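*Asks:* Residues 1 to 199, numbered by the UniProt record's numbering, are exactly what the sequence shown covers, in order.
Structure below; questions to follow.
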Amino acid sequence: MNYFTSDMHFFHERLLGKNDFAPRLFANVDEMNQQLITSWNAVIKETDHVYHLGDLAMHPQYEKANAEILELVTQLQGTIHLIKGNHDSRAFFRYLEKNDPRLTDGSPKFYFYDVGAIVKFDHQQYYLTHYPMLLGPNDTIRNLHGHIHHYSVPIKNDVNVGVDAPERELLKEKLPFGTPLSEQQIKEIYEAKRKYDRS
């Protein structure tokens, strides 16, 4: 099954506590990192695919960053499709590719996309990007994105899948912080945005 998330920002200390950008109410980065891993692994199986739409980590110590981030993301279940965000570097992606731990069947754990990817489900085409896209009036193409954290784009065809996105409030069931969204949950959010858009 496919899942979607964005903007995990492992190790990003400046997001901790109350702030005007993307407040995360954790005591420290270790607590935040562990919550992200726990929420992910609670729903993702080894055979699932997760599309992470940018900004995987923000490590304060560049020399140690790649190894410590790799150590964390290898704890995440499933195949991870990484779309480059504004805080991800090609050098970091090359490091992950070179040190890919591989899945038990020998296939890569990580796949990489510079700009975005396209997936199809529920008779729809989804453009997966870090930044929100304006797609125009088209009911068969939708955009899943991240980047804007706790803000929402007022366009019914755009869904912010970030871990701290306001669209998560449109779900009937409250999810623990950091839980990737399933295809069914994406559909539920989209339908709720459409209903709101018509009101």
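Virtual Cβ for every residue (Gly too), placed ideally from N, Cα, C.
Source: prediction; values computed, not measured.
(1) DSSP state of I148, grouped into three classes?
(2) Do L82 and L56 have their C-beta atoms within less than 8 angstroms of each other?
(3) Tell me whether A67 sits in a helix, a strand or coil according to DSSP, three-state version.
(4) Can you name the start and end residues of the beta strand (DSSP E) that N160 belongs to?
(5) Does E39 come out as helix, strand or coil in the three-state DSSP assignment?
(6) Can you tell me which of the three DSSP states Q75 falls into?
(7) Look at the Cβ atom of D139, then the Cβ atom of H150, and state whether they are nearer than 8 angstroms.
(8) Can you give me the Cβ contacts of M8 inside the same chain, cut-off strictly under 8 angstroms, excluding the 5 residues immediately before and after it?
(9) Tell me which same chain residues have a C-beta within less than 7 angstroms of the C-beta of I148, skipping the five on either side of it?
(10) Can you look up I80 in the DSSP assignment and give me helix, strand or coil?
(11) Quick one: grab the DSSP three-state call for K18.
(12) How close, in whole Å, do the beta carbons of F4 and V29 come, if the pair is a contact with beta carbons under 8 angstroms?
(13) With a CB to CB cut of under 6 angstroms and the five nearest residues on each side skipped, what residues in its chain are close to L76?
*Replies:* Reading off the structure:
(1) Translated into the one-based positions of the sequence shown, residue 148 becomes position 148. If DSSP states are grouped into helix, strand and coil, I148 belongs with coil.
(2) Mapped onto the sequence shown, residue 82 falls at position 82. Mapped onto the sequence shown, residue 56 falls at position 56. A contact, by the Cβ cut-off of 8 angstroms.
(3) The count along the sequence shown starts at 1 and reaches residue 67 at position 67. Looking at A67 - three-state DSSP - the assignment turns out to be helix.
(4) If you number the sequence shown from 1, residue 160 lands on position 160. According to the DSSP assignment, N160 belongs to the beta strand (DSSP E) that extends over D158 to N160.
(5) On the sequence shown, residue 39 is found 39 positions in, with the first residue counted as 1. In the sequence on display, residue 39 carries Ser and not Glu. It is helical.
(6) The residue labelled residue 75 in the question sits at position 75 within the sequence shown. Per DSSP, reduced to three states, the secondary structure at Q75 is coil, with no helix or strand assignment.
(7) Position 139 of the sequence shown, counted from the first residue, corresponds to residue 139. Position 150 of the sequence shown, counted from the first residue, corresponds to residue 150. Contact flag unset, no.
(8) If you number the sequence shown from 1, residue 8 lands on position 8. These residues qualify, in order along the chain: L36, H52, D55, L56, A57, V163 and G178.
(9) The residue given as residue 148 occupies position 148 in the sequence shown. Only P132 and N160 meet the Cβ criterion.
(10) Stepping through the sequence shown from its first residue, residue 80 is reached at position 80. Strand, per DSSP.
(11) Start at 1 with the first residue of the sequence shown, and residue 18 comes out as number 18. Here K18 sits in coil by DSSP.
(12) Taking the first residue of the sequence shown as 1, we reach residue 4 at position 4. Taking the first residue of the sequence shown as 1, we reach residue 29 at position 29. Wrong, their Cβ atoms sit about 24 angstroms apart, outside the cutoff.
(13) The residue labelled residue 76 in the question sits at position 76 within the sequence shown. Answer for L76: W40, listed in chain order.
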